[in-house]
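Read top to bottom, the protein sequences are chains A and B. What the first sequence shows, in the working numbering, is residues 1 to 415, in sequence order. What the second sequence shows, in the working numbering, is residues 416 to 678, in sequence order. Cβ atoms here follow ideal geometry from the backbone N, Cα and C, with glycine treated the same way. Given the structure is predicted, the values throughout are model-derived calculations rather than measurements. Here the structure is laid out as structure tokens; the discussion comes afterwards.
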Amino acid sequence: MSDLIRRDPRTEWIARNRLHPLHAELTAPAGDVRGPTGLLRKNPHGVGFIGPNGLKRIDRLAIQLGESGPQGGQRRGAKAAVEVQLPLVTVESPDFYVVAVLDMVGGRLTGHDKDVLGQGHKLVAATEGQGAVVAVTFGDSKEEAFDKAGVDRLIQFTGEQYEGYSPEQRVTALQAVERELDPEYWLFPDSIAGGQELGCRLAARLGERPATQAWQVDAFTSLCRGGSQRIDISRETPRLLLLGEECADQIDETRHEATVIELAGVPGTLARIEDCGAVDVDPSQVPLGEAEFILSAGNGIHDWDQFHQAADTLRATEGASRVAVDDGFMPRHRQVGATGTWVTARVYVAVGISGAIQHMQGIGQCDKVVAINSDAGCDMVKRADLSVIGDSQQILAELIRLVESRQQGGAENAA
Amino acid sequence: MQPDLSAKNLNVTSLISVGQHPKSGRARRAEQDARAVELGLTLSGDQLEMLHVGAGDDAVMRSYLGMGLPKMTLLKQDDGADAVPVLCDYLASHAPDILLTGVRAESGEASGMLPFLLAEKLGWPLVSRIAEIGDVKDGVAEVLQALPRGQRRAIKVRLPFVASVDNAAAEPRQSAFGPGQRAGINDMPVAGGEDTVRAGWEESPARKKPKRLKVVKAKTAADRFKAATAKASGGGGKILKKETPTEQAQAVLDLLIEEGVVR
Ligand SMILES: Cc1cc2nc3c(=O)[nH]c(=O)nc-3n(C[C@H](O)[C@H](O)[C@H](O)COP(=O)(O)OP(=O)(O)OC[C@H]3O[C@@H](n4cnc5c(N)ncnc54)[C@H](O)[C@@H]3O)c2cc1C
Numbered sequence: 001m002s003d004l005i006r007r008d009p010r011t012e013w014i015a016r017n018r019l020h021p022l023h024a025e026l027t028a029p030a031g032d033v034r035g036p037t038g039l040l041r042k043n044p045h046g047v048g049f050i051g052p053n054g055l056k057r058i059d060r061l062a063i064q065l066g067e068s069g070p071q072g073g074q075r076r077g078a079k080a081a082v083e084v085q086l087p088l089v090t091v092e093s094p095d096f097y098v099v100a101v102l103d104m105v106g107g108r109l110t111g112h113d114k115d116v117l118g119q120g121h122k123l124v125a126a127t128e129g130q131g132a133v134v135a136v137t138f139g140d141s142k143e144e145a146f147d148k149a150g151v152d153r154l155i156q157f158t159g160e161q162y163e164g165y166s167p168e169q170r171v172t173a174l175q176a177v178e179r180e181l182d183p184e185y186w187l188f189p190d191s192i193a194g195g196q197e198l199g200c201r202l203a204a205r206l207g208e209r210p211a212t213q214a215w216q217v218d219a220f221t222s223l224c225r226g227g228s229q230r231i232d233i234s235r236e237t238p239r240l241l242l243l244g245e246e247c248a249d250q251i252d253e254t255r256h257e258a259t260v261i262e263l264a265g266v267p268g269t270l271a272r273i274e275d276c277g278a279v280d281v282d283p284s285q286v287p288l289g290e291a292e293f294i295l296s297a298g299n300g301i302h303d304w305d306q307f308h309q310a311a312d313t314l315r316a317t318e319g320a321s322r323v324a325v326d327d328g329f330m331p332r333h334r335q336v337g338a339t340g341t342w343v344t345a346r347v348y349v350a351v352g353i354s355g356a357i358q359h360m361q362g363i364g365q366c367d368k369v370v371a372i373n374s375d376a377g378c379d380m381v382k383r384a385d386l387s388v389i390g391d392s393q394q395i396l397a398e399l400i401r402l403v404e405s406r407q408q409g410g411a412e413n414a415a
Numbered sequence: 416m417q418p419d420l421s422a423k424n425l426n427v428t429s430l431i432s433v434g435q436h437p438k439s440g441r442a443r444r445a446e447q448d449a450r451a452v453e454l455g456l457t458l459s460g461d462q463l464e465m466l467h468v469g470a471g472d473d474a475v476m477r478s479y480l481g482m483g484l485p486k487m488t489l490l491k492q493d494d495g496a497d498a499v500p501v502l503c504d505y506l507a508s509h510a511p512d513i514l515l516t517g518v519r520a521e522s523g524e525a526s527g528m529l530p531f532l533l534a535e536k537l538g539w540p541l542v543s544r545i546a547e548i549g550d551v552k553d554g555v556a557e558v559l560q561a562l563p564r565g566q567r568r569a570i571k572v573r574l575p576f577v578a579s580v581d582n583a584a585a586e587p588r589q590s591a592f593g594p595g596q597r598a599g600i601n602d603m604p605v606a607g608g609e610d611t612v613r614a615g616w617e618e619s620p621a622r623k624k625p626k627r628l629k630v631v632k633a634k635t636a637a638d639r640f641k642a643a644t645a646k647a648s649g650g651g652g653k654i655l656k657k658e659t660p661t662e663q664a665q666a667v668l669d670l671l672i673e674e675g676v677v678r
């Protein structure tokens, strides 16, 4: 054949015209193409696809995943949904254990718990031999992501004797862990959610002198906050540590086994402390920043008496958006958001709130958000874990009715 | 309402310590200890025994006494010495029914271990972070414990017991200067062992804790761009659009029940 390069205007035209029935065949990446000298030739024009505006697009995200060609653009959405599988770290026969006793507020890992687990892995890495981080939890847990938080082994104490305020029984259980595993380190979150109390109790029982409010810990020295947050104490790292918040980075790049360990048995204790259950507190007395459950009202509320009644029947603390406050329906100290209160509620129910960014900033720390709104496209619905689309007045009325009938049913059952 | 318990002849002891103003560092009445004294005063009036171990800064001791007590006990020893063995000996022989402490000291190590060590050594039950003591009947006290988020829990505990008093307890009454000056301080010299462990520690003014940075671990420019610009999107939240209001309300209620906020 002659060396002259011959152009084929027709195929070129088909390659340009993405609506042509033969277009896909022509632009599909051919297999290996050998040049006249036998060298492997790559066609730089073969990658990518023609975007909707007729311009060529190269999707490098898709190339990384090993897929290219015309479908790249459509696959992209699908790819985002596929969760990346983190590498699994296994510890087969650990030489030693680091035990972290977790708060598990509401049955889920708190940020503080995850910090403590991260610290556990830091200590494992700094100690010779293979170690495993053991998480100890009390009561029923709703947590599913123990593996992603860095739990190698899991000990769960469940049952009636661990419900409510049962520190004496819990310390007995921890003593059983001490006998069985003889941990290298004991880690507790130094928190008001129970970690501090349990840690101190165990320290007193074992005769250890704990490092408290420790916030920078390695295998040799710990830096601890002293009284009134005014001094730092640098000391040798003891075996039992009560760790402050953000003491170490959380685990987020690996998965762990979270294998459940069963303990032989924990002796019961004579309960000298009896838990008589939670006492009803007036939710309107709870400061907004601390409240656990907030029912918040925005511009979408038209019947304010009904809203107050709903908050009362649900026993929720009331919150409001700025519009509701500016219009005089709610007091200023109830305003949630950038210029109001930054709330930490576990459950936040937003009724008729559109979700302006100034409002969203205030609810950044909330766990579960429920939106009741007539507009399915608003930002609050995008943030919410559960959204119901409809008229707030009707839904609140139904909610009040359901809760009231539930309470009556409960009272009849109890009677 | 607090039932009047001063007629019950309860032996209540409050431990007090020298507090510290969080900003100026000036010695003062410790916040939680003052609340413990206030609680003790409502329980047993001026029969309350106030106890301090240490050198006993006179001005601070008198500011506690100014809350309306004729006298207090001071177990005098060096400020650095270990207070626990001395307290254990004293309490074992004086046997109060209720021992009140603060949750955490305002100066020094502030480990919050003292009530736990005392309870362990004395073999008494301990209730932490209490807000109120209700009725005491047949050797059992009804106690209200302060939980996070302003919640309260009712607890029954046998006497004698140790309780640490939370900031949620009733505010301490004002201290009157004159009566405080006139009140008596019984001091007893004691010798607690020196705290040798602590001698090896280094103390320095508190450093500012570094703020945790949000590290974006994106591998590509497009991911980084998205992380920097994306709005918070829940993604995967359930949306109920077509259901009747009753079904929608039921779904909301189910979630509230599952989260345990509606009982
Ligand atoms: C400097 C600055 C600071 C600010 N700080 C704050 C702040 O701290 N906190 C704050 O909240 N705002 C703040 N804002 C105001 C904020 O930008 C919004 O204007 C405000 O949050 C909107 O409140 P909203 O969602 O209640 O009202 P709208 O935006 O009017 O939303 C009302 C929502 O209710 C829905 N609705 C209407 N009728 C019904 C019905 N019958 N049933 C169900 N749903 C219905 C609508 O679909 C809409 O989504 C600030 C603004 C500025 C400029």
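Could you work out which residues of chain A lie near R443 of chain B, taking near to mean beta carbons separated by less than 8 Å?
Contact note: R443 of chain B does not reach chain A at a C-beta cutoff of 8 Å; the least C-beta distance is about 11 Å.
Looking only at C-alpha atoms, which of A:Y185, A:R201 and A:T172 sits nearest to H121 of chain A?
Among A:Y185, A:R201 and A:T172, the Cα nearest to that of H121 of chain A belongs to A:Y185.
A384 of chain A beta carbon near ligand 1 (any heavy atom closer than 7 Å):
Incorrect: A384 of chain A has no Cβ contact closer than 7 Å to ligand 1.
Cα-Cα separation between R519 of chain B and I294 of chain A, rounded to whole angstroms:
Distance between the alpha carbons of R519 of chain B and I294 of chain A: 31 Å.
Interface residues of chain A around V542 of chain B at Cβ under 7 Å?
Those within 7 Å of V542 of chain B in chain A are I273.
Any beta-carbon of chain B closer than 8 Å to the one on K368 of chain A?
Interface residue, yes.
Is the shortest distance between the beta-carbon of G523 of chain B and the beta-carbons of chain A less than 8 Å?
Chain A contact via Cβ: present.
Whose Cβ in chain B lies nearer than 9 Å to the Cβ of V390 of chain A?
For the sequence presented, residue 390 of chain A should be read as Gly rather than Val. Correct list: L655, K656, E658, T659, P660 and Q663.
Could you tell me which residues DSSP pairs with H359 of chain A in its beta bridges?
Beta-bridge pairing links H359 of chain A to no other residue.
When A:I233, A:R322, A:Q393 and A:V349 are compared against G523 of chain B, the one with the closest alpha-carbon
Nearest option by C-alpha distance: A:I233.
Give a yes or no on whether the C-beta atoms belonging to G355 of chain A and M380 of chain A are separated by under 8 Å.
Yes; because the gap between Cβ atoms is below 8 Å, this pair is in contact.
Compute the Euclidean distance between the alpha carbons of H256 of chain A and G150 of chain A, then round it to the nearest angstrom.
CA-to-CA, the gap between H256 of chain A and G150 of chain A works out to about 6 Å.
For chain B, find out if any of its Cβ atoms is closer than 8 Å to the Cβ of S234 of chain A; answer yes or no.
Taking Cβ atoms only, chain B reaches closer than 8 Å to S234 of chain A, which makes this a yes.
For a contact defined as C-beta to C-beta under 8 Å, what are the partners of F640 of chain B on chain A?
For F640 of chain B, none of the residues of chain A pass the 8 Å Cβ criterion, the least Cβ distance being about 12 Å.
Chain B residues whose Cβ lies nearer than 9 Å to that of A278 of chain A:
Result: L562, Q566, R567, R568, A569 and R678.
Roughly how many angstroms separate the alpha carbons of L671 of chain B and E292 of chain A, rounded to a whole number?
Looking at the two C-alpha atoms, the distance is approximately 12 Å.
Spell out whether any CB of chain B is found under 8 Å from the CB atom of D385 of chain A.
Closer than 8 Å: yes.
Is L109 of chain A close to chain D, meaning its C-beta is less than 8 Å from at least one C-beta of that chain?
Within the model displayed, chain D is absent; protein chains A and B are what it includes.
Interface residues of chain A facing A451 of chain B [CB-CB closer than 8 Å]
Correct list: empty, because the minimum Cβ distance to chain A is about 16 Å.
For K56 of chain A, which three-state DSSP category applies?
Collapsing the DSSP output to three states places K56 of chain A in a strand.
Could you check the C-alpha separation between P594 of chain B and G481 of chain B for me, to the nearest Å?
CA-to-CA, the gap between P594 of chain B and G481 of chain B works out to about 5 Å.
Extract the residue ranges of the beta strand (DSSP E) inside the stretch 436 to 516 of chain B, only unbroken runs of 3 or more that lie entirely within it.
DSSP assignment within the stretch 436 to 516 of chain B yields the following whole beta strand (DSSP E) runs of 3 residues or more, N-terminal first: 442 to 444, 464 to 469 and 486 to 491.
State buried or exposed for M603 of chain B, treating a residue as buried only when at least 16 other CB atoms are found within 10 Å of its CB.
It counts as exposed.
Alpha carbon to alpha carbon, what distance is there between A219 of chain A and L533 of chain B?
Each residue's alpha carbon lies about 30 Å from the other.
Could you run through the stretch 159 to 172 of chain A and flag, in chain order, every residue whose CB is less than 7 Å away from some CB of chain B?
Across the stretch 159 to 172 of chain A, CB contacts with chain B closer than 7 Å involve Y165, in sequence order along the chain.
Residues of chain B with a CB under 9 Å from the CB of C200 of chain A: which are they?
For C200 of chain A, the residues of chain B that pass the 9 Å Cβ criterion are S526, G527, M528, P530, F531, L532 and S543, in the order they occur in the chain.
Run the CB neighbour count on L109 of chain A, radius 10 Å, all protein chains shown included, and call it buried at 16 or more, exposed below.
It counts as buried.
In whole angstroms, give me the CA-to-CA distance for D275 of chain A and L174 of chain A.
D275 of chain A and L174 of chain A: Cα-Cα distance of roughly 20 Å.
As assigned by DSSP and simplified to three states, the class of I400 of chain A
Reduced to three states, the DSSP call for I400 of chain A is helix.
Touching or not, the stretch 659 to 674 of chain B and the stretch 389 to 396 of chain A, by the rule of three or more beta carbon pairs under 8 Å?
Counting C-beta pairs closer than 8 Å gives three or more between the stretch 659 to 674 of chain B and the stretch 389 to 396 of chain A, which meets the contact rule.
Relative to ligand 1, is the shortest distance from any of its heavy atoms to the C-beta of V369 of chain A smaller than 7 Å?
It does not: the Cβ of V369 of chain A is nowhere closer than 7 Å to a heavy atom of ligand 1.
Name, please, each residue of chain B whose Cβ falls closer than 8 Å to the Cβ of P210 of chain A.
Around P210 of chain A, the beta-carbon contacts reaching into chain B at under 8 Å are S526 and M528.
Would A636 of chain B be called buried (16 or more neighbouring beta carbons within 10 Å of its own) or exposed?
Exposed is the label assigned to A636 of chain B, since fewer than 16 other Cβ atoms lie within 10 Å of its Cβ.
Mind checking whether the beta-carbon of Q353 of chain A lies closer than 7 Å to any heavy atom of ligand 1?
Before going on, a small fix: residue 353 of chain A reads as Ile here, not Gln. At least one heavy atom of ligand 1 is nearer than 7 Å to the Cβ of I353 of chain A, so yes.
Of all Cβ atoms in chain B, is any one closer than 8 Å to the Cβ of F293 of chain A?
It does; some Cβ of chain B falls within 8 Å.
Is the stretch 269 to 289 of chain A close to the stretch 162 to 174 of chain A, with three or more CB pairs under 8 Å?
As far as the Cβ criterion goes, the stretch 269 to 289 of chain A touches the stretch 162 to 174 of chain A, which means the pair count is three or higher.
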